[in-house]
Amino acid sequence: MIRLDDLTKIFTTPSGEVVAADHINMNVNEGEICILLGPSGCGKTTTLKMINRLIPHTSGKIYINDQDTDTYNTVELRRNIGYVIQQIGLFPNMTIEENICVVPKLLGWDDKKAKSRAAELLEMVALDSAQFLHRYPRELSGGQQQRVGVIRALAADPPVMLMDEPFGAIDPINREVIQDEFLRMQAELKKTVMFVSHDIDEAVKMGDKVAIFRTGKLEQFDTPDNILAHPINDFIADFVGSDRTLKRLRLVKVRQAADIDAPAVLQSDSLDKAQGLMRERNMDVVVLDEKHHPVGYVPMDGAGKGNGSLAENIQPITVIVDAGADLRTAVSEMFAHAVTWLPVVDGDGRFTGCVTQSGITHLLGETYRPAHPHKQPESAYEQ
Amino acid sequence: MSNERRGGGPLLSVVTILALVAIIYVTGIWAEIARYWEDVVYLTRQHIELVAISGSLAILIGIPAGILLSRPSMRGVAETLMQVFNIGTTIPTLAVLALSMSFLGIGKQPAIFGLFIATLLPIVRNTYVGLLAVPPHLKEAATGMGMTPTQILRRVEVPNALYVIFAGIRTALAINVGTVPLAFLIGGGGLGELIFTGIDLMEPGMLLAGAVPTALLAVLVDFGVGQGQFWLIPRGVNPLRA
Chain A
1 MIRLDDLTKI FTTPSGEVVA ADHINMNVNE GEICILLGPS GCGKTTTLKM
51 INRLIPHTSG KIYINDQDTD TYNTVELRRN IGYVIQQIGL FPNMTIEENI
101 CVVPKLLGWD DKKAKSRAAE LLEMVALDSA QFLHRYPREL SGGQQQRVGV
151 IRALAADPPV MLMDEPFGAI DPINREVIQD EFLRMQAELK KTVMFVSHDI
201 DEAVKMGDKV AIFRTGKLEQ FDTPDNILAH PINDFIADFV GSDRTLKRLR
251 LVKVRQAADI DAPAVLQSDS LDKAQGLMRE RNMDVVVLDE KHHPVGYVPM
301 DGAGKGNGSL AENIQPITVI VDAGADLRTA VSEMFAHAVT WLPVVDGDGR
351 FTGCVTQSGI THLLGETYRP AHPHKQPESA YEQ
Chain B
384 MSNERRGGGP LLSVVTILAL VAIIYVTGIW AEIARYWEDV VYLTRQHIEL
434 VAISGSLAIL IGIPAGILLS RPSMRGVAET LMQVFNIGTT IPTLAVLALS
484 MSFLGIGKQP AIFGLFIATL LPIVRNTYVG LLAVPPHLKE AATGMGMTPT
534 QILRRVEVPN ALYVIFAGIR TALAINVGTV PLAFLIGGGG LGELIFTGID
584 LMEPGMLLAG AVPTALLAVL VDFGVGQGQF WLIPRGVNPL RA
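Here it is as structure tokens:
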């Protein structure tokens with residue numbers, strides 16, 4: 001969708017030439033969010049702004065939909081690319097409605113269509129259109145303004161969005177909310193997004209791909225998980241941080257790490273059955289009610305000494321985790337409640353398995369182990 | 384200055400006018416002025432003509448000149464020119480009129496020209512400064528959205544500089560109205576004729592017959608521009624309507 005081909009920018013300054021972007025090659029697929037990441041002055045913003053020609057490139061090519069953008073007229077090109085900046089840039093002299101309608105009007109939409117689009121977009125970010133359409137930007141909070149900044153860029157439904165640290169000026173709590181909101185919209189709209197950030201956490205959260213820049217060079221361009229698991233050099237490793245494996249927790253859903261064969265019995269089952277499972281799997285056994293909601297567990301150290309019924313040996317469950325949550329949440333809950341495993345439930349609260357500390361360790365560790373033991377038989381087979 | 388005009392501005396002007404009118408009646412000045420009524424009407428018309436012509440010319444030329452100077456291509460020249468203009472503003476208006484007379488002779492034309500010059504500078508300067516003060520990120524957003532330079536000027540830069548531009552016009556017209564009586568000295572006519580003749584003849588009635596309408600006119604013009612400032616500037620960028 002967006003392809004950068006040896007894209008280069010050389011600024012001529014009084015003190016000589018500065019290479020701001022050095023033969024950048026990237027390919028971002030349709031519907032992906034690509035985060036341009038790096039310390040300040042690394043060339044990420046320059047690269048972004050060359051795409052909509054706010055900064056003219058020195059050499060190289062930019063393709064959108066396999067079309068060389070040099071063949072477009074500058075104004076036409078920009079009207080078909082959504083652009084969001086950190087300072088938001090809502091025009092204070094225009095109402096929210098007029099702000100959103102700027103690009104549709106430039107493209108010659110009729111008044112009615114543009115206005116109904118503005119109302120529709122406001123509702124999309126949970127702002128009441130009746131209340132906000134006729135307000136001026138200064139009558140909105142910072143978070144509300146940034147939401148309007150994002151939907152203004154979406155107004156004419158451009159296939160490509162460029163976002164220059166769009167959430168950088170928002171307080172951390174609101175930033176999380178707006179990031180989530182944007183991801184929800186993106187899941188539906190499937191725009192191809194180039195997104196400049198200096199925050200590795202934001203990159204890991206938002207990006208399908210992450211491109212890390214240093215002094216004008218593209219150092220590594222890969223999925224967030226690969227960058228965190230396999231930084232190609234010390235610079236990247238330093239940049240993503242020594243806690244990079246912990247950051248990967250955010251990228252994995254509990255579902256992927258859960259043991260779906262975890263031992264479980266129904267409340268109506270006998271204690272014998274539970275003890276049998278426990279010996280077989282060497283794990284605590286989860287107890288479910290008739291709707292398969294977890295109600296408690298039989299601990300390995302507490303049960304099996306006396307006889308008695310299953311009910312007498314049940315310990316209550318203090319915390320459960322949703323299969324759709326990320327591992328970071330799961331691990332955090334484990335630490336908070338001092339447990340080594342959690343029962344996992346689906347959206348309806350039904351038991352689907354257990355996630356254990358050793359299971360998580362194993363999953364995250366997989367990518368670090370040499371691939372040979374698994375790969376060898378396959379390659380032998382291929383030969 | 385901007386504070387006192389906040390919201391209460393129009394009211395204050397009305398109160399001032401009423402107070403002036405009241406004083407005129409109570410103190411019996413009205414009878415004095417009435418003696419010169421015909422002169423007052425004739426000269427007031429002349430006076431307004433001088434203000435209107437020189438003021439309109441200054442606005443019509445000053446705003447485009449300010450816009451032109453604020454364009455990026457003029458950056459090098461503009462600062463130097465503004466310095467020259469700033470020095471120009473320090474020259475007393477009486478001196479401007481005198482200089483104007485020495486080039487253009489006496490009469491209406493040199494008076495209008497002198498008034499025009501005195502009025503022009505604040506308008507050019509405020510337009511220039513106001514446009515430069517528009518935050519760069521607004522221009523960047525507008526450019527990135529695909530507006531042409533003309534569209535950016537019309538729809539983003541001018542509206543956001545309008546308050547400052549209007550302040551310039553207000554100052555300029557205040558200077559203009561205050562200077563017009565001096566036009567009499569170079570044969571330009573206007574209410575100055577009554578004021579200066581009144582002084583020369585030690586005739587307070589005649590003097591007041593010139594001075595009171597001049598004062599009223601000044602208050603009215605300021606009131607008018609103030610109303611324009613209040614209603615013509617979009618609410619989102621108008622501190623008066625915050």
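So the sequence lines, in the order shown, correspond to chains A and B. Per the numbering used here, residue 1 is the first one in the first sequence, and the count goes up by one each step. Per the numbering used here, residue 384 is the first one in the second sequence, and the count goes up by one each step. In this text, a Cβ means the ideal position worked out from N, Cα and C, and glycines have one as well.
Going by DSSP, what residue range makes up the alpha helix (DSSP H) through residue i?
{"i": "Pro-104(A)", "result": "102-106"}
{"i": "Gly-142(A)", "result": "142-154"}
{"i": "Tyr-546(B)", "result": "541-562"}
{"i": "Phe-606(B)", "result": "587-615"}
{"i": "Ala-126(A)", "result": "Per DSSP, Ala-126(A) belongs to no alpha helix (DSSP H) and is neither H nor E."}
{"i": "Ile-2(A)", "result": "Unbroken run through Ile-2(A) is the beta strand (DSSP E), 2-13; no alpha helix (DSSP H)."}
{"i": "Val-177(A)", "result": "172-189"}
Along the chain, where does the beta strand (DSSP E) containing residue i start, and where does it finish?
{"i": "Gly-459(B)", "result": "Run containing Gly-459(B): none in the beta strand (DSSP E); it sits in the alpha helix (DSSP H), 458-473."}
{"i": "His-430(B)", "result": "Here His-430(B) belongs to no beta strand (DSSP E); instead the alpha helix (DSSP H) covers 420-453."}
{"i": "Lys-522(B)", "result": "Careful: Lys-522(B) lies outside any beta strand (DSSP E), inside the alpha helix (DSSP H) at 519-527."}
{"i": "Ile-227(A)", "result": "Premise fails: Ile-227(A) lies in the alpha helix (DSSP H), 224-229, not in any beta strand (DSSP E)."}
{"i": "Thr-356(A)", "result": "351-356"}
{"i": "Val-388(A)", "result": "Absent from the model: residue 388(A). The displayed extent of chain A is 1 to 383, so no value can be given."}
{"i": "Lys-209(A)", "result": "209-214"}
{"i": "Asn-27(A)", "result": "16-28"}
Alpha carbon to alpha carbon, how far is residue i from residue j?
{"i": "Asp-234(A)", "j": "Gly-241(A)", "result": "10 Å"}
{"i": "Gly-529(B)", "j": "Glu-123(A)", "result": "25 Å"}
{"i": "Thr-367(A)", "j": "Gln-145(A)", "result": "42 Å"}
{"i": "Gln-86(A)", "j": "Glu-165(A)", "result": "5 Å"}
{"i": "Pro-455(B)", "j": "Ala-414(B)", "result": "59 Å"}
{"i": "Thr-245(A)", "j": "Arg-138(A)", "result": "42 Å"}
{"i": "Met-26(A)", "j": "Arg-624(B)", "result": "49 Å"}
{"i": "Met-300(A)", "j": "Lys-253(A)", "result": "28 Å"}
{"i": "Asp-385(A)", "j": "Pro-343(A)", "result": "The structure shown does not extend to residue 385(A), since chain A is modelled only from 1 through 383, so no value can be given for it."}
{"i": "Gly-349(A)", "j": "Leu-251(A)", "result": "23 Å"}
{"i": "Thr-74(A)", "j": "Arg-117(A)", "result": "25 Å"}
{"i": "Gly-60(A)", "j": "Leu-189(A)", "result": "30 Å"}
{"i": "Ser-437(B)", "j": "Met-465(B)", "result": "21 Å"}
{"i": "Val-84(A)", "j": "Gly-575(B)", "result": "59 Å"}
{"i": "Leu-77(A)", "j": "Thr-69(A)", "result": "7 Å"}
{"i": "Thr-510(B)", "j": "Leu-600(B)", "result": "25 Å"}
{"i": "Ile-616(B)", "j": "Ala-402(B)", "result": "29 Å"}
{"i": "Val-204(A)", "j": "Pro-316(A)", "result": "36 Å"}
Please tell me whether residue i has its Cβ less than 8 Å away from any Cβ of chain B.
{"i": "Pro-137(A)", "result": "yes"}
{"i": "Val-102(A)", "result": "yes"}
{"i": "Gln-131(A)", "result": "no"}
{"i": "Val-75(A)", "result": "yes"}
{"i": "Gln-87(A)", "result": "yes"}
{"i": "Asn-25(A)", "result": "no"}
{"i": "Asn-52(A)", "result": "yes"}
{"i": "Leu-121(A)", "result": "no"}
{"i": "Asn-65(A)", "result": "no"}
{"i": "Asn-93(A)", "result": "yes"}
{"i": "Tyr-72(A)", "result": "no"}
{"i": "Ser-147(A)", "result": "Ser is not the amino acid found at residue 147(A); the sequence shown has Arg there. Cβ-Cβ to chain B under 8 Å: no for Arg-147(A)."}
{"i": "Tyr-83(A)", "result": "yes"}
{"i": "Arg-78(A)", "result": "yes"}
{"i": "Leu-364(A)", "result": "no"}
{"i": "Leu-154(A)", "result": "no"}
Does any residue of chain A bring its CB to less than 8 Å from the CB of residue i?
{"i": "Thr-531(B)", "result": "yes"}
{"i": "Gly-527(B)", "result": "yes"}
{"i": "Gly-459(B)", "result": "no"}
{"i": "Pro-455(B)", "result": "no"}
{"i": "Pro-617(B)", "result": "yes"}
{"i": "Val-424(B)", "result": "no"}
{"i": "Val-620(B)", "result": "yes"}
Does the ligand PLP have even one heavy atom less than 7 Å from the beta-carbon of residue i?
{"i": "Arg-147(A)", "result": "This structure does not include the ligand PLP; it has no bound ligands of any sort."}
- Query: When Cβ atoms are compared, which residues of the region 537-561 of chain B fall closer than 7 Å to chain A?
  - Reply: Val-539, Pro-542, Asn-543
- Contact residues within the region 434-453 of chain B, judged by C-beta distance below 7 Å to chain A: none
- Query: How do the region 436-450 of chain B and the region 496-512 of chain B stand: do at least 3 beta-carbon pairs fall below 8 Å, yes or no?
  - Reply: yes
- Near-chain A residues of the region 510-525 of chain B (beta-carbon distance less than 8 Å), N- to C-terminal order: Pro-518, His-520, Leu-521, Glu-523, Ala-524, Ala-525
- For the region 510-524 of chain B against the region 562-581 of chain B, are there 3 or more C-beta pairs whose distance is under 8 Å? no
- Do the region 215-234 of chain A and the region 55-74 of chain A make contact, defined as three or more Cβ pairs closer than 8 Å? no
- Should the region 152-166 of chain A be called in touch with the region 85-101 of chain A, which here means at least 3 C-beta pairs below 8 Å? yes
- In chain order, what residues of the region 104-118 of chain A put their CB closer than 7 Å to some CB of chain B? Leu-106
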